[in-house]
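Peer 1: Got a structure for you, questions after.
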Amino acid sequence: MRVLVIGSGGREHALAWKLSLSDRVTEVLVAPGNAGTALEAKVRNLEVDTNDFTGLIDRALAERVDFTLVGPEIPLVEGIVDAFQGAGLRIFGPTKKAAQLEGSKSFTKLFLDKYAIPTAEFQTFDELDSAIEYVEARGTPIVIKADGLAAGKGVVIAQTKKEAIDALKEMLSGEAFGDAGRQVVIEEFLEGEEASFICLCDGKTAISFASSQDHKRRDEGDLGPNTGGMGAYSPAPVVDRKVHKKVMEQVISPTLNGMIEEGSPYVGFLYAGLMIDKHGNPKVIEFNCRFGDPEAQPVMYRLRSDLLEACEKAVSGELKDYHLEFDERVALGVVMAAGGYPVEYETGDIIEGLDVTASNTKVFHAGTIEVEGEIKTNGGRVLCVVGAGESVASAAEFAYARVNNIKWKDHYFRGDIGHRAIKRQSD
Ligand code: AMP
Ligand code: GLY
């Protein structure tokens with residue numbers, strides 16, 4: 090079978106690599122992919138943009154693609170699944186309507202409320218004065234979110250009233266995120282530990298992937314600006330058996346049932362970003378309609394089951410008696426980024442040391458490009474180096490052993506990925 094993966098990041102490298110390991114897959118095409126996907130056996134890049142639906146459909150038909158998997162949220166939110174299905178192509182992912190769970194924060198908050206799924210208290214606003222009034226009544230810390238897609242940057246955790254008001258002004262005026270910010274959600278600040286809970290859904294049934302956690306802040310100690318994620322590990326110690334059960338019962342099942350009620354059954358990866366409080370109770374921070382990045386890299390590294398078979402079962406509504414198997418070891422991924430990410434950074438630097446291998450590791454590429462035989466940086470998050478071991482600490486040791494051999498002009502990575510989990514395991 091020939092399979093198409095849409096996207097070009099580290100998540101897509103991990104998905105394409107995992108698909109290529111299936112005996113049933115003859116070739117994986119990645120549109121547009123990166124230098125890392127091009128290097129994998131059985132994988133070939135296609136030069137088509139992720140938002141060019143017509144171009145993608147034409148190529149999928151011309152290449153006789155049997156099955157397509159979508160990495161990033163933007164094409165999903167814009168209806169790529171509907172478009173492929175309209176052309177008679179088999180594709181795994183939520184429809185445009187179902188992808189609203191990520192595409193519109195206000196849709197999601199109202200949905201959570203309607204189906205009594207635990208989340209932070211909130212209100213939506215499109216008018217400055219009433220938004221300010223609400224902030225004044227609630228006090229700080231308080232969380233302000235742009236309603237639409239803002240590439241993971243549309244969230245401000247305001248510690249002071251001034252910060253809150255500044256954020257509201259910037260968002261509601263359209264200055265900060267254009268139309269995505271003209272409606273805002275203001276919500277209660279949640280305390281606890283975050284976890285990423287990612288499921289495979291067939292519309293009626295959801296089965297969970299191994300749990301994971303990522304580090305969203307750029308700098309060590311979980312400080313500095315928010316990013317797409319500077320590293321991740323799986324499993325997440327905070328998601329023990331009891332928490333897992335609560336998440337399935339209180340969050341995932343009612344979400345699938347609610348989406349059926351809403352007339353748009355959810356098929357695809359469903360990523361619940363959760364805050365787990367000190368009693369082990371989960372609240373939904375956000376939903377994503379795709380796999381996490383960089384969570385995909387350690388989770389796919391651990392996945393033992395055939396990813397193609399799993400996604401095909403989801404598309405045909407047959408997940409009921411299916412289950413996924415994972416390597417028992419911990420996997421931990423360290424993101425290597427360009428200095429200055431996520432604000433201003435350079436691209437086009439030659440990456441050295443990629444060929445220095447180390448046991449129990451795998452390098453997933455994200456922002457990389459091959460130019461005349463050399464691999465160069467081509468984005469903010471450049472690589473995610475995964476290591477696997479018996480504990481979080483040993484997985485980290487393997488990963489960093491490999492990281493330390495890779496460099497370019499102004500590379501940057503956090504040296505403390507997994508620190509919270511390591512502390513938990515050593516307590
Ligand atoms: P989001 O884009 O909604 O995932 O938010 C980005 C990050 O902001 C999350 O991963 C959390 O770290 C933080 N965050 C969002 N909402 C809240 C909240 N209500 N309370 C505390 N932290 C939050
Ligand atoms: N790592 C966070 C995300 O994929 O949304």
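In this text, residue positions in the sequence shown follow the working numbering: the first is 90, and each later residue adds one. The beta carbon of each residue, even a glycine, is placed where N, CA and C say it ideally should be.
Is the Cβ-Cβ distance between Ile-246 and Val-273 less than 7 angstroms?
Peer 2: No. Outside cutoff.
Peer 1: Would you please state the rounded distance, in angstroms, between the beta carbons of Phe-181 and Val-404? I believe it to be under 8 angstroms.
Peer 2: Going by Cβ atoms, the distance from Phe-181 to Val-404 rounds to 5 angstroms, so yes, they are a contact pair.
Peer 1: Residues near the ligand GLY, CB to any non-hydrogen atom under 7 angstroms, in chain order?
Peer 2: For the ligand GLY, the selected residues are Gly-241, Ser-285, Asp-303, Lys-305, Gly-317, Gly-318, Ala-321, Tyr-360, Gly-362, Asn-377, Gly-381, Asp-382, Pro-383 and Glu-384.
Peer 1: Please specify which runs of the alpha helix (DSSP H), each continuous and at least 4 residues long, are wholly inside the stretch 344-429, giving them in chain order.
Peer 2: Qualifying alpha helix (DSSP H) stretches, in chain order: 385-391 and 396-404.
Peer 1: I'd like to know whether the C-beta of Arg-470 is nearer than 7 angstroms to at least one C-beta of chain E.
Peer 2: The structure shown contains no chain E; it is built from a single protein chain.
Peer 1: Going by Cα to Cα distance, which pick from Leu-312, Pro-324 and Arg-307 is closest to Gly-318?
Peer 2: The shortest Cα separation from Gly-318 among Leu-312, Pro-324 and Arg-307 belongs to Arg-307.
Peer 1: In three-state DSSP terms, what is Ala-321?
Peer 2: Ala-321 falls in the strand class under three-state DSSP.
Peer 1: Determine the extent of the alpha helix (DSSP H) in which Glu-129 is found, giving its start and end residues.
Peer 2: From DSSP, Glu-129 is part of no alpha helix (DSSP H); its letter is neither H nor E.
Peer 1: Do you know how far the Cα of Thr-229 is from the Cα of Thr-126?
Peer 2: Answer to the nearest angstrom: the Cα atoms are 45 angstroms apart.
Peer 1: Going by DSSP, what residue range makes up the beta strand (DSSP E) through Arg-306?
Peer 2: Per DSSP, Arg-306 belongs to the beta strand (DSSP E) from 306-308.
Peer 1: On the CB-based measure, 16 or more other CB atoms within 10 Å of its CB, does Ser-285 come out buried or exposed?
Peer 2: So Ser-285 ends up on the buried side.
Peer 1: Starting from the C-beta of Trp-497, find all residues in its chain whose C-beta is less than 7 angstroms away, skip the five residues before and the five after it, and write them out in chain order.
Peer 2: Closer than 7 angstroms at Cβ, skipping near neighbours: Asp-438, Ile-439, Ile-440, Glu-441 and Thr-466.
Peer 1: Are the beta-carbon atoms of Ile-95 and Ala-120 separated by less than 7 angstroms?
Peer 2: Yes.
Peer 1: Rounded to whole angstroms, how far is the Cβ of Ile-506 from the Cβ of Tyr-322, which I believe are closer than 8 angstroms?
Peer 2: So it is a contact: roughly 7 angstroms between Cβ atoms.
Peer 1: Please classify Val-445 as buried or exposed, where buried requires at least 16 neighbouring CB atoms within 10 angstroms.
Peer 2: Exposed: under 16 other Cβ atoms inside 10 Å.
Peer 1: My output table needs one value for Ser-111: the three-state DSSP class, helix, strand or coil.
Peer 2: In the structure shown, Ser-111 sits in coil (DSSP, three-state: anything other than H, G, I, E or B).
Peer 1: Where in the stretch 137-183 do unbroken runs of the beta strand (DSSP E), each at least 3 residues long, occur, reported from the N-terminal end onward?
Peer 2: Entirely contained in the stretch 137-183, the beta strand (DSSP E) runs reaching 3 residues are, in chain order, 156-159.
Peer 1: Can the beta-carbon of Asp-171 be found less than 7 angstroms from the beta-carbon of Lys-185?
Peer 2: Yes.
Peer 1: Taking buried to mean at least 16 other C-beta atoms within 10 Å of its own C-beta, is Val-460 buried or exposed?
Peer 2: Exposed: under 16 other Cβ atoms inside 10 Å.
Peer 1: Thinking just about the alpha-carbon of each residue, which of Pro-354, Lys-107 and Gly-98 is nearest to the one in Val-388?
Peer 2: Here the closest residue by C-alpha is Lys-107.
Peer 1: Quick check on Tyr-489: does DSSP put it in helix, strand or coil?
Peer 2: Three-state result, Tyr-489: helix.
Peer 1: Can you find a heavy atom of the ligand AMP that lies under 6 angstroms from the Cβ of Ala-188?
Peer 2: It does not: the Cβ of Ala-188 is nowhere closer than 6 angstroms to a heavy atom of the ligand AMP.
Peer 1: Determine the burial state of Val-423: buried for a count of at least 16 other Cβ atoms within 10 Å of its Cβ, exposed for fewer.
Peer 2: Val-423 should be labelled buried.
Peer 1: Let me check one thing: in DSSP terms, what residues is Asn-315 bridge-paired to?
Peer 2: DSSP, once it has assigned bridges, lists Arg-306 as partnering Asn-315.
Peer 1: Return the Cβ separation of Ala-361 and Phe-380 in integer angstroms, given the expectation that the two are a contact with Cβ distance under 8 angstroms.
Peer 2: Actually they do not touch by this definition, with Cβ atoms about 12 angstroms apart.
Peer 1: Check whether the stretch 332-349 and the stretch 196-215 are in contact - that is, three or more C-beta pairs closer than 8 angstroms.
Peer 2: Contact holds: three or more Cβ-Cβ distances are below 8 angstroms.
Peer 1: Report yes if the CB atom of Val-475 is closer than 7 angstroms to the CB atom of Gln-514, and no otherwise.
Peer 2: No.
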